[in-house]
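*Asks:* Here you go, one structure.
2 protein chains.
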Amino acid sequence: MMSNRKRFGKVVELREEKIQEYKDLHASSNAGVRHLLSKYNIHNYTIYLHQLDDGKYYLFSHFEYSGEDFEKDMELLSEEPENVAWWKLTDPCQVPIKNRQTGEQWARMEEVYHND
Amino acid sequence: MMSNRKRFGKVVELREEKIQEYKDLHASSNAGVRHLLSKYNIHNYTIYLHQLDDGKYYLFSHFEYSGEDFEKDMELLSEEPENVAWWKLTDPCQVPIKNRQTGEQWARMEEVYHND
Chain A
1 MMSNRKRFGK
11 VVELREEKIQ
21 EYKDLHASSN
31 AGVRHLLSKY
41 NIHNYTIYLH
51 QLDDGKYYLF
61 SHFEYSGEDF
71 EKDMELLSEE
81 PENVAWWKLT
91 DPCQVPIKNR
101 QTGEQWARME
111 EVYHND
Chain B
1001 MMSNRKRFGK
1011 VVELREEKIQ
1021 EYKDLHASSN
1031 AGVRHLLSKY
1041 NIHNYTIYLH
1051 QLDDGKYYLF
1061 SHFEYSGEDF
1071 EKDMELLSEE
1081 PENVAWWKLT
1091 DPCQVPIKNR
1101 QTGEQWARME
1111 EVYHND
């Protein structure tokens, strides 16, 4: 990662009954919207899954943004027909957590440490 | 990040009363053990903090490893006197979650997606 990139960490609950479907959608064999991530300057996008003590499953993502206008790029991404179709598949797998900003599907987390 | 790096995502609970202490320890103005991370091939180490629906606070980390023997490097890191001292400060801030492997302070999560 380049230190001039902005970093983002996000979290959302994953429905237990949707785990396999979500994994299949995100398998390396599935192109999904990977080309759109690159198009809109999103890099090193990694999603992790873990079950926490409340028994629920959570997805945690880390990605980096190399463009000049994140909000604009995310707006354009959200309007891409392929992305609209993608979110129609992935959103029903997830349950947004309560502690999030208005409009967020994935709640953005606070960065408390970084070392290149 | 280089695609030949191994990625790691981990999670641990952060005690609410230790949030400020933990942030202070990890402030960019505090050298901490940053030089040891570099020495043992740990890069792009980012820690995020968020409160989940159970009311507890969690730390989520993402980092990348560029060396040849991760277990060996982590063993050497764990024996560094500065690192031993560091963990004596940070471990009491944390509560390991139940869903973890033996010996883990931070529970390693499963990677379900990656796009460079």
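Protein chains in written order, with the numbering used here: chain A, 1 to 116; chain B, 1001 to 1116. In this text, a Cβ means the ideal position worked out from N, Cα and C, and glycines have one as well.
Where do the ends of the beta strand (DSSP E) carrying Leu1014(B) lie?
*Replies:* Lys1006 to Leu1014
*Asks:* Do the region 36-47 of chain A and the region 63-71 of chain A touch if we need at least three Cβ pairs shorter than 8 Å?
*Replies:* The region 63-71 of chain A and the region 36-47 of chain A touch, with three or more beta-carbon pairs separated by less than 8 Å.
*Asks:* What are the residues that DSSP puts in a beta bridge with His1043(B)?
*Replies:* Glu1064(B)
*Asks:* In terms of DSSP beta bridges, what is Val95(A) paired with?
*Replies:* According to DSSP, which records beta bridges pairwise, Val95(A) is partnered with Glu13(A).
*Asks:* In chain order, what residues of the region 47-76 of chain A put their CB closer than 9 Å to some CB of chain B?
*Replies:* Ile47, Tyr48, Leu49, His50, Gln51, Leu52, Asp53, Asp54, Lys56, Tyr58, Leu59, Phe60, Ser61, His62, Phe63 and Glu64
*Asks:* For chain A, check one thing: does any of its Cβ atoms lie closer than 9 Å to the Cβ of Ala1085(B)?
*Replies:* no
*Asks:* Just mark Ala1085(B) as buried or exposed, buried being the case when its beta carbon has 16 or more other beta carbons within 10 Å.
*Replies:* exposed
*Asks:* Kindly list, in the order they appear in chain B, the residues whose Cβ is closer than 9 Å to that of Glu111(A).
*Replies:* Thr1046, Ile1047, Tyr1048 and Leu1049
*Asks:* Are Tyr57(A) and Leu1052(B) close, meaning C-beta to C-beta below 9 Å?
*Replies:* no
*Asks:* Roughly how many whole angstroms lie between the Cα atoms of Ala27(A) and Trp1106(B)?
*Replies:* 26 Å
*Asks:* Can you say whether Lys10(A) is buried or exposed, counting buried as having 16 or more other CB atoms within 10 angstroms of its CB?
*Replies:* buried
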